[in-house]
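This report refers to the structure that appears directly beneath it.
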Amino acid sequence: MASMRTGEALTLAALQTWAQYHEVAIERVESWDVVVHRAEEVRADGTRHRRLYRETFPPVIAIKRRANTFTVEAVHEPAGAQCFHVRVITPRLSGGELVDPGYLAELVAVARIQRKCRARCGATAENLRVLTTERTYSAHRPSDWKG
Ligand SMILES: [Zn+2]
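Position 135 of the sequence shown, counting from 1, maps to 135 under the working numbering, and the rest follow consecutively.
Put into structure tokens, the structure is as follows:
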């Protein structure tokens, strides 16, 4: 049974150096309060080593991002069967906010689903239909706060 070991890098630069040394790519996973940069390498003995660097958003920005986080549900029908995809998206808003953040979240969700799932189930930006787009966190429920 292969095991996984996780370590935290102190800086993004340190993570980049580590990833370069091991010739692995850095993946960027973003949520409303934090961006996690992570890279993983598999050693000859099968052990997986994962290294992370967390970048937290300042509270003022995090609160705004949280309010504009959407759960997008989309569906497409490969060979007559329905295939559902759900993504939680925090769109990156520009200062002006001329675009409806919910619409922006839909565009990002569909693009991400296509990128991750096209090879597996054939989801594309063209055949995906958005069913619902809802704010993930209700402003009236403090219990939603992660801490
Ligand atoms: Zn699908």
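Positions of the beta carbon are idealized from the N, C-alpha and C atoms, including for glycine.
- Judged by DSSP secondary structure, Glu106 falls within the alpha helix (DSSP H) whose first and last residues are Pro101 to Cys121.
- Excluding residues up to 5 positions away in sequence, Phe70 and Thr71 lie with their Cβ nearer than 7 Å to the Cβ of Glu134 in the same chain.
- Rounded to whole angstroms, Phe57 and Glu30 show a C-alpha spacing of 10 Å.
- If you check the C-beta of Ala123 against ligand 1, you find a heavy atom less than 6 Å away.
- Secondary structure at Ile26: coil, using DSSP grouped into helix, strand and coil.
- A distance below 8 Å between beta-carbons, with the five flanking residues on each side excluded, links Pro101 to the following residues of its chain, in chain order: Asn68, Phe70, Pro91 and Leu93.
- Note: Glu73 is bridge-paired with Val86 and Thr132 in the DSSP secondary-structure output.
- In the pairwise beta carbon analysis, the segment 44 to 52 is classified as touching the segment 6 to 17: at least three pairs are separated by under 8 Å.
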